[in-house]
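Asks: Before anything else, here's the structure in question.
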Amino acid sequence: MKISTATETKLVFPGGPGIRISRYLKYFAVILLSFFNSVLIAQNTPVKGVVTNANGEPLSNVTVTIKGSSTGVTTADDGSFTISAPSNAVLVITSVGYSAKEVNVNNQSNLTIALSMAAGGLDEVVVVGYGTQKRTLVTGAVASVSGKTISELPVAGVDQALQGRVAGVTVTNNGAPGTSPIVRIRGVSSITQNSDPLYVIDGFPSGGLVNFDSRDIESLEVLKDAAAAAIYGSRASNGVVIITTKKGRRDGKIKVTLDSYIGTQRVMNKLDLLNTDQYVTYERLLNGAANIGIPPRLQPANFNQPIYAGATQTYAQTNTDWQEEFFKPGLLTQHNVGVSGGNGVSRFYTSAGYFKQEGIIQATDYERFNLRLNSDHQLGKRFNIGQNLYLAYGNQNRDFNDNEGNRTKLMNVIRMQPYLPVYDPTTQGGFRGPNNSFDAADPVNPVEAALIGDHPVTNFKLLGTAFLDITLASWLKARTTFGVDYTNENLVDYTPIFNDAGTSSAALAQLRNRRNVTTSILFSQQLSFDKTFDQHHVNVIAVYEQQSGRSLAEDARGTQNNNAVRTLSGANIAGYTGTRTENFIMSFVGRAQYDFAGKYIFSASVRRDGLSVWAPGRKWATFPAASIGWKIDQENF
2 MKISTATETK
12 LVFPGGPGIR
22 ISRYLKYFAV
32 ILLSFFNSVL
42 IAQNTPVKGV
52 VTNANGEPLS
62 NVTVTIKGSS
72 TGVTTADDGS
82 FTISAPSNAV
92 LVITSVGYSA
102 KEVNVNNQSN
112 LTIALSMAAG
122 GLDEVVVVGY
132 GTQKRTLVTG
142 AVASVSGKTI
152 SELPVAGVDQ
162 ALQGRVAGVT
172 VTNNGAPGTS
182 PIVRIRGVSS
192 ITQNSDPLYV
202 IDGFPSGGLV
212 NFDSRDIESL
222 EVLKDAAAAA
232 IYGSRASNGV
242 VIITTKKGRR
252 DGKIKVTLDS
262 YIGTQRVMNK
272 LDLLNTDQYV
282 TYERLLNGAA
292 NIGIPPRLQP
302 ANFNQPIYAG
312 ATQTYAQTNT
322 DWQEEFFKPG
332 LLTQHNVGVS
342 GGNGVSRFYT
352 SAGYFKQEGI
362 IQATDYERFN
372 LRLNSDHQLG
382 KRFNIGQNLY
392 LAYGNQNRDF
402 NDNEGNRTKL
412 MNVIRMQPYL
422 PVYDPTTQGG
432 FRGPNNSFDA
442 ADPVNPVEAA
452 LIGDHPVTNF
462 KLLGTAFLDI
472 TLASWLKART
482 TFGVDYTNEN
492 LVDYTPIFND
502 AGTSSAALAQ
512 LRNRRNVTTS
522 ILFSQQLSFD
532 KTFDQHHVNV
542 IAVYEQQSGR
552 SLAEDARGTQ
562 NNNAVRTLSG
572 ANIAGYTGTR
582 TENFIMSFVG
592 RAQYDFAGKY
602 IFSASVRRDG
612 LSVWAPGRKW
622 ATFPAASIGW
632 KIDQENF
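To convert a position in the sequence shown, counted from 1, into my numbering, add 1.
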């Protein structure tokens, strides 16, 4: 699969950098039985290189990306990298603590790139569990991706922006528009259980990011090891992704931004399938070797018959390219407008976004509308209140009944006979399928399978948090947080009565209504101590947190004896299931960090989780972690 051309337009009004227009070329390959997106650039050649510091020492885990694309790699322990790029590409080299550098390939196949230390890079602050730390004092494995980097990438979701930008993180696209990719941090942690990371958005442990607008992100951190992630306890076994959304600046100015991205995607590398003449030759050789006759349809008397009553075209004259019929170009559009501002008392950030992605196969697409409002207000010297609110509405069209194995739509594209037409106006439904007794094969017409019914899914999401900060002393602060995460998903599935004169038919119209409603409520109290005594620096936090969840799932199926009525009202109900579940988690969290002269660092954390879903007598578990650090470069020897 491939994004062939795309244009991104950024308009930044007063206070911004002006107008920027960039082009993106993206190519996607179709892999048998799967739809994995891999970003390619036309006329690519391997480019090798080594990244070093100013002293010529190799740098590992440096991110090397092609400017204007989501293609990226990280350097090995010896600083080396290999990336497939066009001869005129520009490589962007980034690493924490170093100034970013852009290098023109200019037909070179071997590059040596030296990075210089960034001014102020040692004072960079990163978001960790329940707070922030200086980058130089972090002893766990924490990787950061800036919101600017994410917003400039031509990707549909935040998850995809992690590919090639964080060492140890793999992202595999799921194929269908509006479906979250598979994200794995340092591999799979469980064979039978969910291996997705925990997502924490503005302090709220939430679900996936399929409904999230990447243009709203200020920063993204990935907690990869136990020392960094253990503070989130039982839910952090697969790693943690912490997202902080944008806020206004306290500079007294109003800033308006407009991001617009338009692109197309299509299949580039199709399979070389048999045409009608080749298929007939194949059948004769295959059946001759087995000492059986060719299928009845291929016998001359039948093969020269019209493809359907009233048609002038015969089977022998038909040469259907099923890939051409099944795949189609898909339009990808994303727009976001943001307004932000603030002063010494209040600040705000608000945005509205629209996203639509058409699939490269028939009858698949995803559309999203979203709105965000973040604000906070200083009340005197000691109090600060604020809120983060996000609303999103999504509409997805895809087939939830696609079978596996050799019955997927893609397999049917490969197996379908080229002498059969796609459409047949004489059948009920207007499609044509093979007849097993006549064609000696029974694949399903893939275009029919995609278009014969309707499978829309609507999704509404609300994620909001409100907080109160109290400054008790310059070294002691308290925060109270309340949050709600609400999702309402509805599937209305409909397959009409049809008969394609072959393998596929339905004597009754099939209907299905499915509804999933989930509500999660968070309450958190946090106390933070941060003080320096001469060369001794101590940071301690204590947290009490509780989160409750409720879910309602209803699934009703039925049939109608006509295609005029598309509701379950008056239908023959074939089945109904309904479940209601509740869960609760209570947590006590503590973390202490000490450093001496900024050289010797010790950090320890402990979390005590109590979960209602755990077995009786085993409702509680403790998750401790500790790490040490020594900045040997600060020593005099």
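Ideal Cβ positions, reconstructed from N, Cα and C, are used throughout, including at glycine.
(1) Going by DSSP, what residues sit across from Arg185 in a beta bridge?
(2) Just to confirm, is the Cβ distance from Ser117 to Lys49 under 9 Å?
(3) Is it right to say Asp79 is buried, meaning 16 or more other beta carbons lie within 10 angstroms of its own, or is it exposed?
(4) What number of angstroms, rounded off, separates the C-alpha of Phe36 from the C-alpha of Val129?
(5) Determine, using beta carbons only, whether Val223 and Ser152 come nearer to each other than 9 Å.
(6) Can you give me the C-alpha to C-alpha distance between Arg416 and Gly294, rounded to a whole angstrom?
(7) Check this for me: beta carbons of Val257 and Gly132, under 9 Å apart or not?
(8) Bridge partners of Gly591, per DSSP?
(9) Taking the continuous beta strand (DSSP E) assigned at Gln526, which residues delimit it?
(10) Exposed or buried, which one is Arg348 when buried takes at least 16 other CB atoms within 10 Å?
(11) Under 9 Å, do Phe356 and Asp214 count as touching if we go by C-beta distance?
(12) Using 9 Å as the threshold, is the C-beta distance between Tyr495 and Asp455 below it?
(13) Between the region 45–61 and the region 99–114, are three or more C-beta pairs nearer than 8 Å?
(14) Using only the alpha-carbon positions, how far apart do Asn562 and Phe483 sit?
(15) Report, in whole angstroms, the separation of the C-beta atoms of Glu449 and Asp501, which I expect to be a contact under 8 Å.
(16) Which of the three DSSP states is assigned to Asn396 in this structure?
(17) Taking 9 Å as the cut-off, decide whether the C-beta atoms of Asn460 and Gly395 are in contact.
(18) Val281 to Asn288, Cα distance in whole Å?
(19) In chain order, what residues of the same chain have a beta carbon less than 6 Å from the beta carbon of Arg551, not counting five sequence neighbours either side?
(20) Mark Ser570 as exposed unless 16 or more other C-beta atoms lie within 10 angstroms of its C-beta, in which case mark it buried.
(21) Between Ala86 and Asn45, how many whole angstroms is the CB-CB distance? I'm expecting something under 8 Å.
(22) Judging by CA-CA distance, which residue of Thr560, Val184 and Pro178 is the nearest neighbour of Val167?
(23) Name the DSSP bridge partner or partners of Val338?
(24) Taking the C-alpha atoms as reference points, what is the distance between Leu523 and Gln548?
(25) Between Ser604, Phe603 and Lys620, which has its C-alpha nearest Asp610's C-alpha?
(26) Between Lys462, Asp486 and Asn446, which lies nearest to Ser505 when the distance is taken from Cα to Cα?
(27) Would the beta-carbon of Ile202 fall within 9 Å of that of Ser220?
(28) So, helix, strand or coil for Val448, using DSSP?
Replies: Here's the rundown:
(1) By 1-based counting over the sequence shown, the position of residue 185 is 184. According to DSSP, which records beta bridges pairwise, Arg185 is partnered with Thr171.
(2) In the sequence shown, residue 117 corresponds to position 116, counting from 1. In the sequence shown, residue 49 corresponds to position 48, counting from 1. No, the pair does not count as a contact, with Cβ atoms beyond the cut-off.
(3) One-based indexing of the sequence shown puts residue 79 at position 78. So Asp79 counts as exposed.
(4) The residue you call residue 36 lines up with position 35 of the sequence shown. The residue you call residue 129 lines up with position 128 of the sequence shown. Confidence at Phe36 is low in this model, with a pLDDT of 34, below 50, so the placement of that residue should be treated as unreliable; the coordinate-derived value is given next. Going from the Cα of Phe36 to the Cα of Val129 covers about 34 Å.
(5) The residue given as residue 223 occupies position 222 in the sequence shown. The residue given as residue 152 occupies position 151 in the sequence shown. No.
(6) Position 415 of the sequence shown, counted from the first residue, corresponds to residue 416. Position 293 of the sequence shown, counted from the first residue, corresponds to residue 294. Rounded to whole angstroms, Arg416 to Gly294 spans 20 Å at the Cα level.
(7) Here residue 257 refers to the residue found at position 256 when the sequence shown is read from its first residue. Here residue 132 refers to the residue found at position 131 when the sequence shown is read from its first residue. Contact: no.
(8) Against the sequence shown, residue 591 aligns to sequence position 590. Paired residues: Ala543 and Val607.
(9) The sequence position of residue 526 within the sequence shown is 525, counting from 1. Run containing Gln526: Ala510 to Phe534, per the beta strand (DSSP E) assignment.
(10) As a first step, residue 348 must be located in the sequence shown, where it is residue number 347. Buried, since its Cβ has 16 or more Cβ neighbours within 10 Å.
(11) Within the sequence shown, the letter at position 355 stands for residue 356. Within the sequence shown, the letter at position 213 stands for residue 214. A contact, by the Cβ cut-off of 9 Å.
(12) Position 494 of the sequence shown, counting from 1, holds the residue named residue 495. Position 454 of the sequence shown, counting from 1, holds the residue named residue 455. Cβ distance < 9 Å, so Tyr495 and Asp455 count as in contact.
(13) yes
(14) Taking the first residue of the sequence shown as position 1, residue 562 is located at position 561. Taking the first residue of the sequence shown as position 1, residue 483 is located at position 482. Between Asn562 and Phe483, the C-alpha separation is close to 51 Å.
(15) Start at 1 with the first residue of the sequence shown, and residue 449 comes out as number 448. Start at 1 with the first residue of the sequence shown, and residue 501 comes out as number 500. Yes, Glu449 and Asp501 are in contact; Cβ-Cβ is about 6 Å, under 8 Å.
(16) Position 395 of the sequence shown, counted from the start, is the residue given in the question as residue 396. DSSP places Asn396 in strand when its eight states are reduced to three.
(17) Within the sequence shown, the letter at position 459 stands for residue 460. Within the sequence shown, the letter at position 394 stands for residue 395. Taking 9 Å as the Cβ cut-off, Asn460 and Gly395 qualify as a contacting pair.
(18) As a working mapping, residue 281 is identified with position 280 in the sequence shown. As a working mapping, residue 288 is identified with position 287 in the sequence shown. Straight-line Cα distance between these residues: approximately 11 Å.
(19) Translated into positions along the sequence shown, residue 551 becomes position 550. Excluding sequence neighbours, Arg551 sits near Thr520 and Glu583.
(20) Mapped onto the sequence shown, residue 570 falls at position 569. Exposed, by the Cβ-count rule.
(21) Within the sequence shown, the letter at position 85 stands for residue 86. Within the sequence shown, the letter at position 44 stands for residue 45. With a Cβ gap of about 6 Å, Ala86 and Asn45 count as contacting.
(22) Position 166 of the sequence shown, counted from the start, is the residue given in the question as residue 167. Selected option, being the one with the closest Cα: Val184.
(23) Along the sequence shown, one-based indexing puts residue 338 at 337. In DSSP, Val338 forms a bridge with Leu259 and Ala353.
(24) Taking the first residue of the sequence shown as 1, we reach residue 523 at position 522. Taking the first residue of the sequence shown as 1, we reach residue 548 at position 547. Roughly 4 Å between the two C-alpha positions.
(25) As a position in the sequence shown, residue 610 is number 609, starting the count at 1. The option with the nearest alpha carbon to Asp610 is Lys620.
(26) Position 504 of the sequence shown, counting from 1, holds the residue named residue 505. Residue Asn446 is the option with its Cα nearest to Ser505.
(27) Here residue 202 refers to the residue found at position 201 of the sequence shown. Here residue 220 refers to the residue found at position 219 of the sequence shown. Not a contact, by the Cβ cut-off of 9 Å.
(28) By one-based count along the sequence shown, residue 448 stands at place 447. Residue state, collapsed to three classes: helix.
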